[in-house]
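Numbering (my numbering), first residue to last: 815 to 1554.
Using N, Cα and C, we set each Cβ at its ideal position, and we do this for glycine too.
The model shown is predicted, which means the values in this text are computed figures rather than measured ones.
Presented below is the structure to which this report refers.
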Ligand code: 26V
């Protein structure tokens, strides 16, 4: 069906007596008819993006935009008396936790937009990332039944189901295909586990709790489930098209491993080739080494996956054997490099599998997601491997799709860009750079637009959170997963210091400001949950002070998700990116804010470094210890208590002085202890950077008085953001890794 036929049928829809859900399903299903054939193309090379997470967000508006009918649908519906915004009620598809899952979807969007054959493979979880509620300021988790209104954007492929075998059970993997619209239509294929009750559990939850043996085994089952279903399909298709000349397999297939979660695909490919096609092990391993590429997304040691052999063997004995065999091959190959390097690169050691080491050994290319991150991978995390295979390692700085994160979420700014430099930037984002010549000229108009976006955001917050904020407020936002290394706690202290300064008169001439937080904590992450409670306490305390009410407010938005992010990035002035240097692999929220014209207040970490390199340090606000400085302080011995003084001390001590209540749980005291302890000093260096942080926030606040020059800084960021479109990133993957 083409656009014209679609619009014809749309005109014929009878809206009378239909509720939002019925209309949503009807219009979406109609648009799905535009999808046509969505299989990988024969005769050419295809890339496959294997990911445990795809954080899709809301499909409705985005898909209609990509098909090129969003405006027409808006008009047709309006003609029938229906406001298109009613579909904001439709749930996000949140099949991911954060950056890693959202990046996967941005990549699919860019590849389709550029006409490159990249297909996503993952799991169709029944319940996505939990819905967050606050109960007395504490996070509680509710199941995310995202399909309850239907799932009109997918097609169940009954005829293409296959079985995935474990030692103790057999599971049916049923594919659901989600078209990814763009210049070409690619597909995201998500497998649903069916069969026995036990089988269905495999695709029930995203990240089931894995603090027990049972939980860990379920996680291994999930990883193998979609990896095995994908590999079986690729091999079957290859044999159908090209016969059994498997040395040609890597010519037609390249598999990108999104972190280590799909790494068992390597062992599965070798298993099928050796057992079902009688290929010798060394040849099968060589084929794998030509087929896979691996992206690392974190250097945090606790997030680098290791699996006990015992667990893997229990449900996947052949996979365990193959991983051990690969480990032996690696050891043999590296035998000349000495004990230390062999141990550091070991795939199997001490009864455990080191999944990242397996990925690094087998992958043809390994990449980090920002310049600094890749440097850290090469010099620390995978130092030994890098010394052996220096050509394997590459950097691919992340990006975000400018279609969702600018064209869709900021129609107003997009319009201003069109009026200033023409529309060609939409199809060739590099042209956005032309905006650099006009930042001064369009500053006033930009201020108007920022106010409109702020008004929309603040209205939404008023409805959702019941907190009123005036549109003259300067908006500082920190939205991301809750983790100690991201240092939301440092922002909390900084806000308290500003508050104390306003109260005691030491801060004068302050531009009214609001701090917006949005974050979910992993359900079992006690400290992260304590931080949420602490910030909610601070918000309630500050917001109820009539004396400071016109000057300072704090909001922790509830159930932060992709759709909320779309509003926050467009309506904010300042993007808070304050991770401990060296720990945020890239960050992608930082890019979304930048593209929408916000300044970054951040540390020299992840992609922040590249952001200020491009948009100018003078247009952003950098503070805090660098990677080198942190290493130096660590070496000398960090003594956090030395940094406690004045309002700084007062802010931190609210954790223990009774200002706020943690309901007798002791979680605030625990936070205090781990920040200030001497024995094992806080490895996120919150107190080290706090003073500088507060000064920087004040500097921003001061600069904001000159509205026009501040707007120019913001515009400089937007105008220099083309590099951070995932179109650029995907072109680099296609050229340097996938050879598409
Ligand atoms: C996972 C876990 C799980 C165990 C508890 C601690 C912990 C900490 C971090 C993670 C993150 C896993 C990978 C991830 O999501 N990385 C993010 O990937 C983004 C896309 O490349 C990147 O922008 C973010 O900086 C990075 O944190």
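In this structure, 930 is the residue among 1398, 1537 and 930 with its C-alpha nearest to the C-alpha of residue 855. If only complete runs of 3 or more residues are kept, the stretch 1166-1197 shows the beta strand (DSSP E) at 1166-1168 and 1179-1182, in order along the chain.
Between the alpha carbons of residue 1231 and residue 1250 lies a gap of roughly 11 Å. Taking the Cα of residue 1036 as reference, the smallest distance to any Cα among 1186, 1174 and 1007 is reached at 1007. Shown here for residue 879: same chain residues with a beta carbon closer than 6 Å to its own, the five before and five after excluded, namely 1222 in chain order.
The closest CA to that of residue 905, considering only 1201, 953, 924 and 838, is found on 838. Where residue 821 is concerned, the enclosing alpha helix (DSSP H) starts and stops at 817-825. Using a cutoff of 7 Å, the CB of residue 1257 does not count as near the ligand 26V, since none of the ligand's heavy atoms is closer than that. The beta carbons of residue 1372 and residue 1273 sit about 16 Å from each other, so the pair does not count as a contact at 8 Å.
When the Cα atoms are used, residue 1419 and residue 841 turn out to be separated by approximately 43 Å.
Going by beta carbons, residue 1136 and residue 1081 fall inside the 8 Å limit.
A contact between stretches requires three or more CB pairs, one per stretch, nearer than 8 Å, and the stretch 1481-1501 meets this requirement with the stretch 1344-1357. The ligand 26V approaches residue 1073 closely enough that one of its heavy atoms is under 7 Å from the residue's Cβ. Restricting attention to 1051, 1412, 1201 and 896, the CA atom closest to the CA of residue 860 is found in 1051. DSSP places residue 1529 inside the alpha helix (DSSP H), whose first and last residues are 1521-1533. A contact is defined here as three or more CB-CB pairs under 8 Å, and the stretch 953-960 fails this definition with respect to the stretch 1025-1043.
Counting C-beta pairs closer than 8 Å gives fewer than three between the stretch 1462-1475 and the stretch 1428-1447, which falls short of the contact rule. Distance from residue 1060 to residue 1105 at the Cβ level is roughly 10 Å; contact not present, criterion being Cβ atoms closer than 8 Å. Taking 8 Å as the cut-off, the Cβ atoms of residue 1070 and residue 909 do not count as close. The secondary-structure analysis by DSSP pairs residue 1121 across a beta bridge with 1167. In the assembly as shown, residue 1301 is a buried residue. Its beta-carbon has 16 or more other beta-carbons within 10 Å.
Annotated three-state conformation of residue 1135 is helix, per DSSP. Judged by DSSP secondary structure, residue 1070 falls outside any alpha helix (DSSP H) and instead within the beta strand (DSSP E) spanning 1067-1072. Placement of the Cβ of residue 934 at a distance of 7 Å or more from every heavy atom of the ligand 26V is found. For residue 1027, the closest alpha carbon among the candidates 1122, 964 and 1010 is that of 1122.
Taking residue 1446 as reference, the option from 1206, 1283 and 1395 with the minimal CA-CA separation is 1395. Remark: the C-beta of residue 1118 is outside contact range of the ligand 26V, defined as less than 7 Å to any heavy atom.
The stretch 1227-1243 and the stretch 1193-1207 do not touch, with fewer than 3 CB-CB distances between them shorter than 8 Å.
With the rule of 3 Cβ pairs closer than 8 Å, the stretch 1321-1337 counts as touching the stretch 1359-1378. In this structure, residue 1174 lies away from residue 1210, with their beta-carbon atoms at least 8 Å apart. Residue 1391 counts as buried, since no fewer than 16 other beta carbons sit within 10 angstroms of its beta carbon. With contacts defined as CB atoms closer than 8 Å, residue 1073 and residue 996 fail to qualify as a contacting pair. In this structure, residue 1216 has its CB at a distance of at least 7 Å from all heavy atoms of the ligand 26V.
With contacts defined by Cβ atoms closer than 8 Å, residue 1045 and residue 1083 form a contacting pair. The bridge partners DSSP lists for residue 1539 are 1214. Relative to the non-hydrogen atoms of the ligand 26V, the Cβ of residue 1400 comes within a distance shorter than 7 Å of at least one.
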